Amino acid sequence: MMLFIASLSKMRQHSRSLWHSVAFRVALLLCCLTLAPMSAANPFEELRLRLQQEIQNQLQPSEITSVPNVIGMQPAQAEQLLSQAGLVLGKVEEVVSQQPSGMIVAQTPAANTQISAQSRVDVLIAKPDRSKPINTTPPAIPEPENPQMTRVPSLTGLSLEQGKQALSRAKLRLGDVVSKPSQRSSAVILDQHPPANKAVTPNSVVDIIVAEPQAPADKPLKIILHLERNQLNIGDSIQLRAETSKSLDNLEYSFNINGKAYKSDKPTIRFTFNNAGRFPVTASARVRGEKWTHSRSQWVKVVDTEQPTGTFVKVPDVVGSDLQTAIQRLQEVGLKVGQVEQKTTQSLKGILEQQPAAGTTVKKGSAINLVEATQALSPENSDYDLTLAANKESVGNGEPVA
Numbered sequence: 133m134m135l136f137i138a139s140l141s142k143m144r145q146h147s148r149s150l151w152h153s154v155a156f157r158v159a160l161l162l163c164c165l166t167l168a169p170m171s172a173a174n175p176f177e178e179l180r181l182r183l184q185q186e187i188q189n190q191l192q193p194s195e196i197t198s199v200p201n202v203i204g205m206q207p208a209q210a211e212q213l214l215s216q217a218g219l220v221l222g223k224v225e226e227v228v229s230q231q232p233s234g235m236i237v238a239q240t241p242a243a244n245t246q247i248s249a250q251s252r253v254d255v256l257i258a259k260p261d262r263s264k265p266i267n268t269t270p271p272a273i274p275e276p277e278n279p280q281m282t283r284v285p286s287l288t289g290l291s292l293e294q295g296k297q298a299l300s301r302a303k304l305r306l307g308d309v310v311s312k313p314s315q316r317s318s319a320v321i322l323d324q325h326p327p328a329n330k331a332v333t334p335n336s337v338v339d340i341i342v343a344e345p346q347a348p349a350d351k352p353l354k355i356i357l358h359l360e361r362n363q364l365n366i367g368d369s370i371q372l373r374a375e376t377s378k379s380l381d382n383l384e385y386s387f388n389i390n391g392k393a394y395k396s397d398k399p400t401i402r403f404t405f406n407n408a409g410r411f412p413v414t415a416s417a418r419v420r421g422e423k424w425t426h427s428r429s430q431w432v433k434v435v436d437t438e439q440p441t442g443t444f445v446k447v448p449d450v451v452g453s454d455l456q457t458a459i460q461r462l463q464e465v466g467l468k469v470g471q472v473e474q475k476t477t478q479s480l481k482g483i484l485e486q487q488p489a490a491g492t493t494v495k496k497g498s499a500i501n502l503v504e505a506t507q508a509l510s511p512e513n514s515d516y517d518l519t520l521a522a523n524k525e526s527v528g529n530g531e532p533v534a
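Residue numbering for the sequence shown follows my numbering, beginning at 133 and increasing consecutively.
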């Protein structure tokens, strides 16, 4: 019996994994219960109780341990620390990082996590970014083994130049500078890393984010027409001026008066009105080659100062009408028929001429002289050469102001 127990003990020392078999532990307990009598005086009772306690301990859950923090270490150092905590270093994978090559930058599970003993802890180690150009800058002078710590200054709200000066005074270096679109009017520092007041070693790098002011949206060109006055007498001239909302060098201008455009290289033009009436006026401008932008239309009223306003009418066109129709049309606008001269013609009929001509502005009640066609009595007396000319007057004329 003693040899059997000794053999079991030796097997336990050389092969601990055997004790993890539940079936083996149960069999051993039954063997002890069968061989040993249930008497307190039995010399094997104490041994049986010890074996039973050992088996109960083995059947209990695994030991729980806390994961140590291995970030910032090399894998060899991490493996040693994990071993002391009863854990095992698991997968070691690389990830691009600005940290020194080979340094652990992440771990799973995280530090202080409670896990079973002999569990694995996976880590990520830093590797340099090969896509970036090789840095040819000479290495910085090595710091003392135990350098004096310095605190990161607050850079938020400072300009880039002011931030550089603040870092220089704190014996720190400017790192990455990232631009971020912002509504701010100047390029000031918006954020920084590490944050202000953090204790770091001298010559450490501080990255910053700088505001990138956005240009205001380009507003459309606007035109305002200015008139010296908007009520004139026949024969008066006025200056028309186009005011633009932007000061541009290569603008060209156009002034539309009663439907006719007058172009100019200058924002002003002087125009003479020769006829009475109300005339729409509009100013336009554009950058050469682009679309025109127009102002709101304004009206210019031109009157004849010799007579009160509102007593003038335009003479209607009665040429070609018979005499009765011509008389009726003249009376409709407040005019009357003056002298009616007759001319003999071979084929023409009705009114041949009128004076004043159609379109002329005259005083109400004025007499309009007419020439009426009559048929010739014989071929010898019908030899007339009649020429009809259309008398069309322009509204006025304009020229750019010098």
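We treat Cβ as the ideally placed atom computed from N, Cα and C, and that holds for glycine.
None of these values were measured; they are calculated from a predicted model.
task = Quick one: give me the first and last residue of the alpha helix (DSSP H) that G295 is part of.
result = L292 to R301 is the span of the alpha helix (DSSP H), which, as asked, contains G295.
ask   = Taking the alpha helix (DSSP H) that I203 falls in, what are its first and last residues?
value = First-last for I203: undefined, no H or E at that position.
task = Output the distance between the C-alpha atoms of G234 and T240, rounded to the nearest integer angstrom.
result = Between G234 and T240, the C-alpha separation is close to 17 Å.
message = Which of the three DSSP states is assigned to E226 in this structure?
response = E226 sits in a strand when the DSSP states are folded into three classes.
task = Please report the residue range of the alpha helix (DSSP H) in which L455 lies.
result = Here the alpha helix (DSSP H) through L455 covers L455 to E464.
key: Cβ separation of Y385 and S416, assumed to be a contact under 8 Å, to the nearest whole Å   = Sure, about 7 Å apart at Cβ, within 8 Å.
inquiry  = For A210 and K312, I'd like the C-alpha separation in whole angstroms.
reply    = K312 has its alpha-carbon roughly 39 Å from the corresponding atom of A210.
ask   = Does the distance from the CB of A489 to the CB of V447 come in under 8 Å?
value = Yes, the Cβ-Cβ distance between A489 and V447 is below 8 Å.
request  = Grab me the residues of W431's own chain with a C-beta within less than 8 Å of its C-beta, minus the 5 sequence neighbours each way, in chain order.
outcome  = Excluding the 5 residues flanking it on each side, W431 has same chain C-beta neighbours closer than 8 Å at N362, R410, F411, P412 and V413, in chain order.
inquiry  = Please classify V220 as buried or exposed, where buried requires at least 16 other C-beta atoms within 10 Å of its C-beta.
reply    = Note on V220: under 16 other CB atoms within 10 angstroms of its CB, so exposed under the neighbour-count rule.
query = Does the count of Cβ pairs from the segment 455-472 and the segment 416-425 closer than 8 Å reach three?
reply = Taking 8 Å as the limit for Cβ pairs, the verdict is that the segment 416-425 does not touch the segment 455-472.
query = For S215, which of helix, strand or coil comes out of DSSP?
reply = Three-state result, S215: helix.
ask   = With C-beta atoms as the reference, is E504 less than 8 Å away from V472?
value = For the pair E504 and V472, the CB atoms are nearer than the 8 Å cut-off.
CB contact flag (I366, D449, <8 Å) = No. Outside cutoff.
ask   = When the Cα atoms are used, what is the spatial distance from K433 to Q478?
value = In a straight line, the C-alpha of K433 is about 46 Å away from that of Q478.
ask   = M281: buried (16+ other C-beta within 10 angstroms of its C-beta) or exposed?
value = Per the 10 Å Cβ criterion, exposed.
ask   = Quick one: what does DSSP say S377 is sitting in, helix, strand or coil?
value = Here S377 sits in coil by DSSP.
query = Touching or not, the segment 323-334 and the segment 285-292, by the rule of three or more beta carbon pairs under 8 Å?
reply = Taking a cut-off of 8 Å for Cβ pairs, the segment 323-334 and the segment 285-292 touch, as three or more such pairs fall below it.
inquiry  = Please classify L103 as buried or exposed, where buried requires at least 16 other C-beta atoms within 10 Å of its C-beta.
reply    = Outside the shown range of the chain, which is 133 to 534, sits residue 103, and nothing can be said about it.
inquiry  = What does the Cβ neighbour count give for I356, buried or exposed, with the cut at 16 atoms within 10 Å?
reply    = Its Cβ having fewer than 16 others within 10 Å, I356 is exposed.
task = Would you identify the three-state DSSP class for A243, choosing helix, strand or coil?
result = A243 sits in coil when the DSSP states are folded into three classes, being neither helix nor strand.
task = Could you give the DSSP three-state label for L304: helix, strand or coil?
result = In the structure shown, the three-state DSSP call for L304 is coil.
query = Rounded to a whole number of angstroms, what is the C-alpha to C-alpha distance between L359 and R461?
reply = L359 and R461 have their C-alpha atoms roughly 38 Å apart.
request  = With a cut-off of 8 Å on the beta carbons, I'd call V451 and L480 a contact; round off their distance for me.
outcome  = The C-beta separation of V451 from L480 comes to about 10 Å, leaving the pair out of contact by the 8 Å criterion.
task = Assign K446 to one of three DSSP states: helix, strand, or coil.
result = Reduced to three states, the DSSP call for K446 is strand.
query = Using DSSP with H/G/I as helix, E/B as strand and the rest coil, what is A319?
reply = DSSP places A319 in the coil class of the three-state scheme, outside both helix and strand.
request  = Just confirm the distance between the C-beta atoms of V253 and G222, as a whole number of angstroms; I'd bet it's less than 8 Å.
outcome  = Between V253 and G222 the beta-carbon gap is near 6 Å, inside 8 Å, which marks them as a contact.
query = Would you call the CB atoms of R301 and K330 closer than 8 Å?
reply = For R301 and K330, no; Cβs fall outside 8 Å.
ask   = Would you call A343 buried or exposed, if buried means 16 or more other Cβ atoms sit within 10 Å of its Cβ?
value = Classification for A343: buried.
V110, buried or exposed, once every other Cβ within 10 Å from all chains shown has been counted against 16 = With the chain covering only 133 through 534, there is no way to say anything about residue 110.
query = On the three-state DSSP scale, how would you describe E360?
reply = E360 falls in the coil class under three-state DSSP.
inquiry  = I need the DSSP call for L353, collapsed to helix, strand or coil.
reply    = DSSP places L353 in coil when its eight states are reduced to three.
query = So does D339 have its beta carbon nearer than 7 Å to some heavy atom of the ligand GTP?
reply = The ligand GTP is absent from the structure shown, which contains no ligands of any kind.
Through-space distance from N244 to N201, alpha-carbon basis = Answer to the nearest angstrom: the Cα atoms are 7 Å apart.
message = Could you tell me the alpha carbon to alpha carbon distance between S429 and S379, rounded to whole angstroms?
response = Going from the Cα of S429 to the Cα of S379 covers about 22 Å.
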